[in-house]
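Reviewing the structure listed below.
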Amino acid sequence: MEQNEIRLQKYLAECGIASRRKAEEYIRDGKVKINGKTVTELGIKVNPNIDIVYFNDRRVTKQRENVYILLNKPIGYVTTTKDQFNRNTVLDLIKGLNIRVVPVGRLDMYTSGALILTNDGDFTYKVTHPSHEIEKTYVATLKGIITEQEIQKLKNGVAIENYVTRPAKVRILKTDTVNNISRVEITIHEGKNRQVRKMCEAIGRNVMALHRSKIGNIDVKNLKIGQWRYLDISEINAILQ
Ligand code: URA
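Printed below as a string of structure tokens:
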């Protein structure tokens with residue numbers, strides 16, 4: 086058998102048309118064509134790189150496997166696929182994967198935490214579209230001791246450039262008078278460029294560290310910084326809801 090040749094029923098099954106047995110039935114019933122010619126014998130092989138296979142007169146192609154990855158991004162990595170300044174990109178962290186994935190949205194270079202990567206363009210489009218409004222939760226370490234009044238401002242919305250941010254969920258996780266820092270959890274639905282940093286700057290606070298702890302309900306608690314894992318189908322569906 087020439088390399089790349091594969092039994093027709095196996096190819097139909099791999100393309101998601103039906104099980105091999107059912108595919109055999111379809112072949113016998115004359116529903117399958119190779120290069121425009123109906124075939125009804127079962128022994129036939131095809132070379133998917135050369136032959137064009139039709140089922141019910143529609144071209145059959147191999148289903149691409151969709152892959153969804155959750156990365157706990159370290160600081161110092163850019164969220165692009167190629168960087169003009171040769172900096173480390175998030176793709177350097179998932180080198181073992183031989184499928185080309187792209188980041189879903191962005192995390193700035195000095196922000197760590199949850200980042201999804203996928204080869205599913207539809208998913209990326211839906212999740213990053215402003216109408217989707219998926220919640221993203223950040224933990225910001227701020228200089229100084231934040232006041233209730235400042236928290237209220239962040240909750241209500243603050244002006245960043247020409248834009249007033251939408252209501253956010255904000256809570257104080259910790260205030261440390263010895264080191265003079267506060268840790269605040271901020272949950273937003275929007276994704277303006279460097280939004281959380283700008284929100285904190287708008288209330289007069291310097292951001293010393295920023296970490297995205299969650300995308301929707303998916304957190305990176307169990308992933309060490311720089312580690313990644315596959316998302317499972319229920320997690321993907323929850324994000325798409
Ligand atoms: N807000 C920021 O300031 N930076 C990010 O990376 C994401 C949200």
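In my numbering, the protein residues as written are 86 to 326.
Every residue gets a Cβ at the ideal spot worked out from N, C-alpha and C, and that includes glycine.
- Indicate whether the contact test is met: 3 or more Cβ pairs, each with one atom in the region 245-261 and one in the region 178-193, closer than 8 Å. no
Determine whether the beta carbon atoms of residue 305 and residue 157 lie at a separation below 7 Å.
The count along the sequence shown starts at 1 and reaches residue 305 at position 220. The count along the sequence shown starts at 1 and reaches residue 157 at position 72. In this structure, residue 157 lies closer than 7 Å to residue 305 by Cβ.
**Prompt:** Taking the Cβ atom as the reference point for each residue, do residue 197 and residue 159 lie within a distance shorter than 7 Å?
**Reply:** For this step, residue 197 is matched to residue 112 along the sequence shown. For this step, residue 159 is matched to residue 74 along the sequence shown. Yes, Cβ-Cβ distance for residue 197 and residue 159 is below 7 Å.
### Task
With hydrogens ignored, establish whether the beta-carbon of residue 304 is closer than 6 Å to any heavy atom of the ligand URA.
The residue labelled residue 304 in the question sits at position 219 within the sequence shown. Residue 304 Cβ: outside cutoff for every heavy atom of the ligand URA.
*Just reading off the alpha helix (DSSP H) that residue 293 is part of, what are its end residues?*
The sequence position of residue 293 within the sequence shown is 208, counting from 1. Residue 293 -> not in any alpha helix (DSSP H); beta strand (DSSP E) instead, spanning 292-300.
If I follow the unbroken beta strand (DSSP E) through residue 93, where does it start and stop? Within the sequence shown, the letter at position 8 stands for residue 93. Careful: residue 93 lies outside any beta strand (DSSP E), inside the alpha helix (DSSP H) at 93-99.
Quick check for students: name the residue ranges of the alpha helix (DSSP H) that lie wholly in the region 89-157, counting only runs of 4 or more. 93-99 and 105-113
Review point. With distances taken from CA atoms, which of 98, 203, 209 and 281 is nearest residue 182?
Key: Along the sequence shown, read from residue 1 onward, the residue named residue 182 stands at position 97. The shortest Cα separation from residue 182 among 98, 203, 209 and 281 belongs to 203.
To the nearest angstrom, how far is it from the Cα of residue 325 to the Cα of residue 208?
Position 240 of the sequence shown holds residue 325. Position 123 of the sequence shown holds residue 208. One C-alpha to the other measures close to 8 Å.
Just to confirm before moving on: does the CB-CB distance between residue 136 and residue 119 stay below 7 Å? Looking up residue 136 in the sequence shown gives position 51. Looking up residue 119 in the sequence shown gives position 34. It is a contact, given that the beta carbons lie within the stated cut-off.
contact_flag[the region 90-102, the region 124-138] where n(CB pairs < 8 Å) is 3 or more: yes
Q. Going straight from the alpha carbon of residue 195 to that of residue 149, what length do you get?
A. Residue numbering aside, residue 195 sits at position 110 when the sequence shown is read from its first letter. Residue numbering aside, residue 149 sits at position 64 when the sequence shown is read from its first letter. Taking the straight line joining both Cα atoms gives about 34 Å.
Q. Less than 7 Å separating the beta-carbons of residue 152 and residue 184?
A. Counted from its first residue, the sequence shown places residue 152 at position 67. Counted from its first residue, the sequence shown places residue 184 at position 99. It is a contact, given that the beta carbons lie within the stated cut-off.
message = Using DSSP's beta-bridge definition, name the partner residues of residue 305.
response = Residue mapping note: residue 305 aligns to position 220 of the sequence shown, counting from 1. Residue 305 is not bridged to any residue.
Open item on the list: Can you check which of these residues, 310, 240, 290 and 89, is closest to residue 200 by C-alpha distance?
Closed with: Against the sequence shown, residue 200 aligns to sequence position 115. Answer by Cα proximity: 310.
* **Beta-carbon contacts of residue 266 that lie in its chain and below 7 Å, excluding the five residues immediately before and after** => Residue 266 sits at position 181 when you count from the first residue of the sequence shown. Same-chain partners within the cutoff: 226, 227, 228 and 293.
Where does residue 162 land, buried or exposed, given buried means 16+ other C-beta within 10 angstroms?
Numbered from its first residue, the sequence shown carries residue 162 at position 77. By the 10 Å Cβ count, residue 162 comes out buried.
- Have a look at the DSSP bridge pairing and note the partners of residue 210. Sequence index remark: in the sequence shown, residue 210 carries index 125 (1-based). In the DSSP output, where bridge partners are listed per residue, residue 210 has none listed.
Q.
Between residue 279 and the ligand URA, is there a pair consisting of the residue's CB and a ligand heavy atom that are separated by less than 6 Å?
A. Looking up residue 279 in the sequence shown gives position 194. Yes, Cβ of residue 279 sits closer than 6 Å to a heavy atom of the ligand URA.
Taking 6 Å as the cut-off, does the CB of residue 282 come closer than this to any heavy atom belonging to the ligand MG? The ligand MG is absent from the structure shown, which contains only the ligand URA.
Q. Is the beta carbon of residue 193 within less than 6 Å of some heavy atom of the ligand URA?
A. Along the sequence shown, one-based indexing puts residue 193 at 108. Yes; taking the cut-off as 6 Å, the Cβ of residue 193 has a heavy atom of the ligand URA nearer than that.
Beta-carbon proximity list for residue 236, same chain, < 8 Å, skipping 5 on both sides
For this step, residue 236 is matched to residue 151 along the sequence shown. Here the set comprises 255, 256, 257 and 269.
Considering only residues of the same chain and omitting the five flanking positions on each side of residue 167, which have a CB-CB separation below 8 Å? The count along the sequence shown starts at 1 and reaches residue 167 at position 82. Correct list, in chain order: 174.
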